[in-house]
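Heads up: the structure comes next, in structure tokens.
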Amino acid sequence: MREWWRELADLVLPADCAGCGTPRTVLCGRCAGLLNGARARRVRSSAVPDGAPPVYAGPAYADEVRAVLLAHKERGALRLAAPLGAVLARAVRAAAGAAGPAAGVGAGPLLLVPVPSARRAVAARGHDPVRRIALAAAGELRRGGRAARALPVLRQRRSVADQAGLDARGRWENLAGALGTVAGAARLLGEGPVVVVDDLVTTGASLAEAARALGRAGGRVVGAAVVAVSEAAVPEAGTDAR
4 MREWWRELAD LVLPADCAGC GTPRTVLCGR CAGLLNGARA RRVRSSAVPD GAPPVYAGPA
64 YADEVRAVLL AHKERGALRL AAPLGAVLAR AVRAAAGAAG PAAGVGAGPL LLVPVPSARR
124 AVAARGHDPV RRIALAAAGE LRRGGRAARA LPVLRQRRSV ADQAGLDARG RWENLAGALG
184 TVAGAARLLG EGPVVVVDDL VTTGASLAEA ARALGRAGGR VVGAAVVAVS EAAVPEAGTD
244 AR
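Numbering of the sequence shown is given in our numbering, commencing with residue 4 and proceeding in unit increments.
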């Protein structure tokens with residue numbers, strides 16, 4: 004019920020640009036350009052954990068881009084899911100394209116599996132931001148002619164600490180073994196290649212744990228895609244993609 008009311012309010016109430024505050028527009032042209040102007044590229048953390056899939060990302064997590072992501076995630080600006088989903092879709096295309104037919108890409112739909120938020124976080128926010136962006140990205144991919152679906156089959160098996168205050172090693176230890184899959188996930192994961200998706204990459208610990216859990220359930224993880232990249236992860240040379 005809370006999410007329904009939030010969606011209604013988001014549609015009818017006037018809003019300022021989530022990125023820069025320009026009045027009466029959810030996302031101004033300039034901020035939309037900052038989101039869409041960056042090509043998807045492969046990124047790597049200096050402290051990437053073992054088992055992390057190749058990660059492709061859009062713009063840097065800074066300034067207006069950071070403000071837009073936080074507005075969607077923490078303030079429930081749900082109309083931002085569509086433009087953020089379009090950015091994520093480009094990163095998914097790059098990840099799938101880099102993996103290629105040898106990894107099974109093209110055999111079945113792309114399965115976009117979002118990294119799950121803690122239940123308490125979803126309850127506090129009134130929505131699951133990464134799942135919502137994944138749904139938008141899957142729709143964007145289908146409109147572009149690529150079979151895709153969001154497949155939210157990951158679940159937290161135990162409570163984890165807030166990642167914000169942890170260093171790379173602390174993040175790995177915090178998340179190790181924390182994720183599992185829902186009943187029946189193996190059948191669903193067998194329908195096509197898997198791309199793990201999230202809104203942000205910092206150390207890659209969440210993506211690595213998600214890939215591990217999906218692999219144990221029989222998923223063919225071909226890569227990972229995120230909307231934005233933090234300063235802890237950097238682009239690799241020569242990896243830009245449309």
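Built from N, CA and C at the ideal position, the CB exists for glycine as well.
As the structure is a computational prediction, the values presented were derived from the model and not from experiment.
DSSP places ARG146 within a helical segment (H, G or I) once states are collapsed to three. Around the Cβ of ARG122, a 10 Å sphere holds fewer than 16 other Cβ atoms; the residue is exposed.
Scanning the segment 180-237 from its first residue to its last, the whole alpha helix (DSSP H) runs of 4-plus residues come out as 188-192 and 208-219. If you look at PRO86, you'll find it in the alpha helix (DSSP H) that goes 84-102. The C-beta distance from LEU192 to ASP201 rounds to 18 Å, too long to meet the 8 Å contact threshold. By the CB criterion at 8 Å, GLY226 and ALA99 fall inside the cutoff.
Under the 8 Å Cβ criterion, the segment 76-84 counts as touching the segment 129-145, having at least three qualifying pairs.
The three-state secondary structure of PRO119, taken from DSSP, is coil.
ARG33 and LEU154 have their C-alpha atoms spaced approximately 32 Å apart. Membership of VAL58 in the beta strand (DSSP E) is indicated by the continuous run 58-60. Counting of Cβ neighbours within 10 angstroms places ALA213 among the buried residues, the total reaching 16 or more. Within a 10 Å sphere around the beta-carbon of GLY24 sit fewer than 16 other beta-carbons, which makes this residue exposed. Take the alpha-carbon of GLY183 and the one of VAL118: they are about 11 Å apart.
For GLY111, the three-state secondary structure derived from DSSP is strand.
Counting the other Cβ atoms within 10 Å of the Cβ of GLU143 gives 16 or more, which makes it buried. Looking at the DSSP output, ARG152 sits in a beta bridge with LEU114. Scanning its chain for C-beta atoms nearer than 7 Å, with the 5 sequence neighbours on each side dropped, one finds around VAL232 the residues VAL46, ALA60, ALA63, TYR64 and VAL204, in chain order.
Cβ neighbours of VAL29 within its own chain (closer than 8 Å, five residues either side excluded): ALA18, CYS20, ALA21, ALA80, ARG82 and LEU83.
One Cα belongs to ALA55, the other to LEU73, and the distance between them is close to 25 Å.
The Cβ atoms of VAL197 and VAL108 do not sit closer than 8 Å to each other. DSSP, reduced to helix, strand and coil, places VAL29 outside both helices and strands of the structure shown, so it counts as coil. A direct Cα-Cα distance of roughly 19 Å separates ALA92 from GLU194. Secondary structure at ALA137: helix, using DSSP grouped into helix, strand and coil. Residue environment: GLU67 is assigned as buried (16 or more neighbouring CB atoms within 10 Å of its CB, all protein chains considered). DSSP links ALA63 through a beta bridge to VAL232.
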